[in-house]
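For the sequence shown, the residue numbers in this note's numbering are -14 to 252. All C-beta atoms in this analysis are idealised placements derived from N, C-alpha and C, irrespective of residue type, glycine included. Computed from a predicted model, the values in this text were never measured in an experiment.
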Amino acid sequence: MTGLPDTSAPSGLAVADLTVSYGGNVAVEGVSFSAPVGVITGLIGPNGAGKTTTFNVCSGLLRPVSGSVTLLGTDVTAKNPAVRARLGLGRTFQRMELCHALTVRENIALGRESRVAGGGVLRQIFATPEQRRVVAEATDDALESCDLGGLSDRLVGTLSTGQRRLVELARVLAGGYRLLLLDEPSSGLDDEETHRFGEILKDVVATRGLGILLVEHDMALVMDVCQFLYVLDFGRLIFSGTPAETRASDLVRRAYLGEIDLVETGA
């Protein structure tokens, strides 16, 4: 491991000595990394490397055997996903979880409504005028950030895969989170859509100052948007460094085997 992340950046997500096992089989072992706010950090590796397992621990869906997860200075290792969300952690999933019978605007609004409602039982039934205003403003802002204004009244079920991926991103942006976990957000997109998606990611980080931890197989996207990368293989962290350092690493090349050309994409 040759590179180090920018330690002058504000704190975001920090994972220390993470170990996860299923039925006695170790899926992730001794993994440590950080994803500061204000930058896009990549978590990459071949299929089965432990990326999604690590994401599930970071978001609170899994409990580790050992290790810790710290979010914006707070130890959240024992906290559930709802608490982590209220503290500022948002997530998308590899399989899109959108409401196809609702409009684009309604889907995006859910990102902010769910966070407001999570603060108390009554808020799940009644909303104050101020809360409605906050939801509307967050929705409008997310629509603009993802260039979805012209589709706001369309039913999500009628959209293309690329458009739905943007709706998913807009929904998590509407939540107002400080740190986002994005799990293969370019899955199903063509080259043009992927490029557009990457430009939007860079823009929202620059303008909002949030942090992104990105799991992604499209190496062209990874090399374009990420400032720092961590590489997993068989549940262990085998390399960390800048995109240029990662691209030049023989160790990373060997881990990817037949996918070598993907690592080199964007050189």
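Going by DSSP, Ala(-1) is part of the beta strand (DSSP E) stretching over -2 to 7.
Around Gly27, the same chain offers Leu199, Val207, Cys211, Leu214 as residues with beta carbons nearer than 6 Å, after the five sequence neighbours per side are excluded. Under the DSSP definition of a beta bridge, Gly75 partners with Leu165. Apart from sequence neighbours up to five positions away, the residues of its chain that approach Gly183 with a beta-carbon distance below 7 Å are Leu206, Asp209, Val210, ordered along the chain.
Looking at the DSSP output, Val54 bridges to Val0.
By the neighbour-count definition (other C-beta atoms within 10 Å, threshold 16), Gly75 is a buried residue. Ser53 is a Cβ neighbour of Thr62, given a cutoff of 7 Å. Pairing Ala20 with Gln116, the inter-Cα distance amounts to about 30 Å.
Per DSSP, the unbroken alpha helix (DSSP H) holding Ala121 starts and ends at 114 to 130. For Ala240, the uninterrupted alpha helix (DSSP H) run begins and ends at 235 to 241, by DSSP. Rounded to the nearest whole angstrom, the CA to CA distance from Asp203 to Leu165 is 18 Å.
In the three-state DSSP reduction, Arg221 falls in the strand class (E or B). Assignment of beta strand (DSSP E) within the segment 136 to 166, counting only whole runs of 3 or more residues, yields no such run. Each residue's CA atom was taken as its position, placing Leu46 and Leu72 some 16 Å apart. Excluding the 5 residues flanking it on each side, Ser51 has same chain C-beta neighbours closer than 7 Å at Asp2, Thr4, in chain order. In this structure, Val141 and His85 form a Cβ contact; the two beta carbons are roughly 5 Å apart against a cut-off of 8 Å. Its chain contains Asp168 as the residues whose beta carbon lies nearer than 7 Å to that of Phe78, once the 5 sequence neighbours on both sides are disregarded; these appear in chain order.
Rounded to whole angstroms, the gap between the alpha carbons of Pro228 and Arg69 is 29 Å.
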